[in-house]
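Counting from 100, one number per residue, gives the positions in the sequence shown under my numbering. The C-beta atom is built at its ideal place from N, Cα and C for all residues, glycine as well.
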Amino acid sequence: MPWQNKIRYLLGQSIGISLSNGQGTSGVLCGTSQGKLLVIEYLYQSQFALKQYDFHMIQDINGFPPCQNQQPRY
Numbered sequence: 100m101p102w103q104n105k106i107r108y109l110l111g112q113s114i115g116i117s118l119s120n121g122q123g124t125s126g127v128l129c130g131t132s133q134g135k136l137l138v139i140e141y142l143y144q145s146q147f148a149l150k151q152y153d154f155h156m157i158q159d160i161n162g163f164p165p166c167q168n169q170q171p172r173y
């Protein structure tokens, strides 16, 4: 499935983004605008930024898998 078809299913979800240059990033998918993917990313402390990624920069997007119910190890 082309990654663009995943957008409507992943809106508001945590996603990983594979970029065409081999790098990657993650955040919460907010939507699209004018050929750009809009993603909220964590910066530091209590600061977040809305980042925009041109569609041609993106190789794939994937939702985060669910957490396993495991006891924490201390």
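- Beta-bridge partners assigned by DSSP to residue 161: 115.
- The continuous stretches of beta strand (DSSP E) do not include residue 110, and DSSP gives it neither H nor E.
- When the Cα atoms are used, residue 123 and residue 173 turn out to be separated by approximately 30 Å.
- For residue 160, the CB contacts under 8 Å within the same chain, skipping 5 residues up- and downstream, are 102, 105, 106, 109, 114, 115, 116, 117, 128 and 136 in chain order.
- When DSSP states are grouped into helix, strand and coil, residue 103 belongs to the helix group.
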